[in-house]
Amino acid sequence: MQIMKVDPRALKENPDRMRQSKSSPQADALMLATIKAVGIVQPPVVAPEADGGNGYIIDAGHRRVRLAIAAGLEEIEILVADAANDNGAMRSMVENSVREPLNPVDQWRGIERLVALGWTEEAIAVALALPVRQIRKLRLLANVLPAMLEQMSLGDMPSEQQLRVIAASGQVDQKEVWKAHKPKKGDTASWWQVANALTRKRMYAKDASFGDDLAQAYGIEWVEDLFAPADQDGRYTTNVEGFLGAQHEWMTSNLPKKGGIVDVNSWGQPELPKKASQVYGKPSKADHVAMYLDRDGKVQTVHYRMPETAKPKGAGVDGVVAGGADADATASPKARPDVTQKGHEMIGDYRTDALHDALGRAPIEDDMLMALMVLAFAGQNVRVDSGADGTFYGGKRFSRHAVGLFDENGKLAFDLDTLRVAVRSVLIDVLSCRRGMSNSGMIARIAGDAIGADEFLPNMGSEDFLLCLSRQALEASCAEASVQPRPKVRETRAALVEHFASEHFVHPSGRFAPPADELLDWIRAGVATDISGRGSQDDDGDAGDPGEEQEARVEEEADQDDPRDTDAEAEDGHDQDFDHRAAA
162 MQIMKVDPRA
172 LKENPDRMRQ
182 SKSSPQADAL
192 MLATIKAVGI
202 VQPPVVAPEA
212 DGGNGYIIDA
222 GHRRVRLAIA
232 AGLEEIEILV
242 ADAANDNGAM
252 RSMVENSVRE
262 PLNPVDQWRG
272 IERLVALGWT
282 EEAIAVALAL
292 PVRQIRKLRL
302 LANVLPAMLE
312 QMSLGDMPSE
322 QQLRVIAASG
332 QVDQKEVWKA
342 HKPKKGDTAS
352 WWQVANALTR
362 KRMYAKDASF
372 GDDLAQAYGI
382 EWVEDLFAPA
392 DQDGRYTTNV
402 EGFLGAQHEW
412 MTSNLPKKGG
422 IVDVNSWGQP
432 ELPKKASQVY
442 GKPSKADHVA
452 MYLDRDGKVQ
462 TVHYRMPETA
472 KPKGAGVDGV
482 VAGGADADAT
492 ASPKARPDVT
502 QKGHEMIGDY
512 RTDALHDALG
522 RAPIEDDMLM
532 ALMVLAFAGQ
542 NVRVDSGADG
552 TFYGGKRFSR
562 HAVGLFDENG
572 KLAFDLDTLR
582 VAVRSVLIDV
592 LSCRRGMSNS
602 GMIARIAGDA
612 IGADEFLPNM
622 GSEDFLLCLS
632 RQALEASCAE
642 ASVQPRPKVR
652 ETRAALVEHF
662 ASEHFVHPSG
672 RFAPPADELL
682 DWIRAGVATD
692 ISGRGSQDDD
702 GDAGDPGEEQ
712 EARVEEEADQ
722 DDPRDTDAEA
732 EDGHDQDFDH
742 RAAA
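In the working numbering, the protein residues as written are 162 to 745.
This is the structure in structure tokens:
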């Protein structure tokens, strides 16, 4: 390797260079300014032409050469290296990888070029210091539509999950989906929409009970999921019908004694025979077995028990009832309820789980969601120590707001104005900054700050409130209001009262916005409580009494003399087009 000076315009581009995507204008402008200031620090690497020509082909430094020409340099220093057998493919790949990482599309193109030259995936991984899994993952881009690759080369890359879905789809499906979701020029692609349109149901080999013989009989071909964790079986198939058919045939061939195959309901639970009761403990020899497929296509097994046939009293060996008419009366068994107490408990659990799932995932309109919020506060399990007026206890406080959302037929029927009034009324009853059991704590202050409740605070420049301030606080208020402090506290207070008689004064500690440090501490405490609560669900009663904790918190807050929690009536000067509280 030797150093020499040449005209940068005489150097030739390498057709096998790895970095083919254009660099950003900002990066080019930065390098151009550097070249104009100090020149080229690292000379480009070139090699003589392999076909017998007298020129030089650039191996590394195409961008430096291009910007040197743009800077108007007549000569630049170059490093002349021996020509490589692969036309510098591996040298260019390594040089670009360590200098500035290539985007995945350029990496894939370079890997495919090396594979075409005889490099194995393992050898490429060793040379580039990358896992073999990463090399195979990048090679999945070979299955991506070229039009999508062009979008990805611009730096608009999908997430790993979205790329996995796109690469697993066929070219025809990708072309149709891309035609519908192709972004406009200069915009980014909605990869989540593309991935959703290409998503297909996957049945995993780890959930299959059948063997290779049934898989071959039903035409099931396993595909390796290279994005799955390395320690798990990531094979899957999109042949859902074949997978379920093989599972059913396996269950038919492996039914135990007193066993049968049952269907599942809409909740994914097995539909047992009539009068059958599921066995949750250890099954006995007389119990039956039900096999079914869950929503993932996995074989599940449950045990159930059928009721014994009751024999009438007085029946002999031949089944004839003795005792005449009196025996007929004793022969009728006692009426059994349709659902036992245990059954009602299980129904309650099922309904609760279903309700929680629906509330978390089902689409709910805004007006219905607000109505459900009002109804939730009317439940018998809700207790709120309200700071609002009135003597209402339990659900009666909120049921009076909920009843206005029903029509004469007991159906939910309401307009938005009625709903808004009900929601505001419920929030008024719940949120409180008063001292004592009705204090909502940080929540009420956050809500007040969010809705701009500071504008509704009364004038705090009264004698009663200023009596609660210390000398330092009074002097700070004087400085803010441009009032000269007096030698005595009483005189300073009187001057402030006189000054604020014609102005509106709100002490900084009385505003709703909580200090940033207190808010962060409250958020951290909530997160810590959530984590510790999940970790102690199986403990045997070590958790403290929440009532005692609330009383301790109230006593702690009562020891702090905070004027911002002082009860005050709102001024009459806040006129609104519609007074929701008055309507409530």
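Ideal Cβ placement from N, Cα and C applies to all residues, glycine included.
Check the Cα spacing between GLY420 and each of GLU385, ALA221 and VAL450: the tightest is with VAL450. For HIS464, the pairing in a beta bridge is given by DSSP as VAL440 and VAL450. Per DSSP, the continuous beta strand (DSSP E) segment holding THR398 begins and ends at 396 to 398. Here GLU282 carries a helix assignment [DSSP, helix/strand/coil]. Two segments are said to touch when three or more pairs of C-beta atoms, one from each, lie closer than 8 Å; by this definition the stretch 204 to 215 touches the stretch 234 to 242. Here the stretch 346 to 356 does not lie against the stretch 370 to 383, with fewer than 3 beta-carbon pairs under 8 Å apart. Note on MET364: 16 or more other CB atoms within 10 angstroms of its CB, so buried under the neighbour-count rule. Within a 10 Å sphere around the beta-carbon of ASN600 sit 16 or more other beta-carbons, which makes this residue buried. Rounded to the nearest whole angstrom, the CA to CA distance from PHE673 to LEU681 is 15 Å. The Cβ atoms of ASP394 and LYS367 sit closer than 8 Å to each other. The C-alpha of ALA391 is placed about 50 Å away from the C-alpha of ALA171.
Between ILE272 and ARG300, the gap from beta carbon to beta carbon is short of 8 Å. Distance from the CA of SER663 to the CA of LEU618, rounded to the nearest whole angstrom, comes to 16 Å.
For the pair LEU416 and TYR465, the CB atoms are not nearer than the 8 Å cut-off.
Under the 10 Å beta carbon count, CYS594 is surrounded by 16 or more other beta carbons and is classified as buried.
A residue is called buried when at least 16 other Cβ atoms come within 10 angstroms of its Cβ; ILE285 meets this threshold and is buried. Following the DSSP letters along the chain, one finds ALA308 inside the alpha helix (DSSP H) bounded by residues 307 to 314. Within a 10 Å sphere around the beta-carbon of PHE567 sit fewer than 16 other beta-carbons, which makes this residue exposed.
With a cutoff of 8 Å on beta-carbon distance, LYS173 and ILE218 are scored as near each other. The C-beta of GLY429 has fewer than 16 other C-beta atoms within 10 Å across all chains shown, which makes the residue exposed. Rounded to the nearest angstrom, the gap between the Cα atoms of ARG522 and LEU530 is 13 Å. The beta carbon of HIS342 lies closer than 8 Å to those of ALA350, SER351, GLN354, VAL355 and ALA358 in the same chain, with the five residues before and after it left out. When the five nearest sequence neighbours on each side are left out, the beta carbons in the same chain lying within less than 6 Å of the beta carbon of PRO169 are those of VAL226, ALA229, ILE230 and ILE237, in order along the chain. Judged by DSSP in its simplified three-state form, LYS649 adopts coil rather than helix or strand. According to the DSSP assignment, LEU580 belongs to no beta strand (DSSP E) but to the alpha helix (DSSP H) extending over 577 to 591. The beta carbon of ASP334 sits closer than 7 Å to those of LEU359, all from its chain and outside the five residues before and after it, given in chain order. Excluding the 5 residues flanking it on each side, PHE404 has same chain C-beta neighbours closer than 8 Å at MET364, ALA369, TYR379, ILE381, THR398 and GLY458, in chain order.
Contact between HIS660 and VAL644 holds: their C-beta atoms lie close to 5 Å from each other, under 8 Å.
Per DSSP, reduced to three states, the secondary structure at GLY403 is helical. DSSP places PRO265 in the uninterrupted alpha helix (DSSP H) bounded by 265 to 277. Judged by DSSP secondary structure, ALA229 falls within the alpha helix (DSSP H) whose first and last residues are 223 to 231.
A residue is called buried once 16 or more other Cβ atoms fall within 10 Å of its Cβ, and LYS298 is buried on that count. Runs of the alpha helix (DSSP H) spanning 4 or more residues and lying entirely within the stretch 589 to 628 occur at 603 to 611 and 624 to 627, in chain order. In summary, HIS665 is exposed, with fewer than 16 beta-carbon neighbours lying within 10 Å of its beta-carbon over all protein chains present. Excluding residues up to 5 positions away in sequence, nothing lies with its Cβ nearer than 8 Å to the Cβ of GLU641 in the same chain. Leaving aside the five residues that flank PHE575 on each side, the residues in its chain whose CB is nearer than 6 Å to its CB run, in chain order, LEU566.
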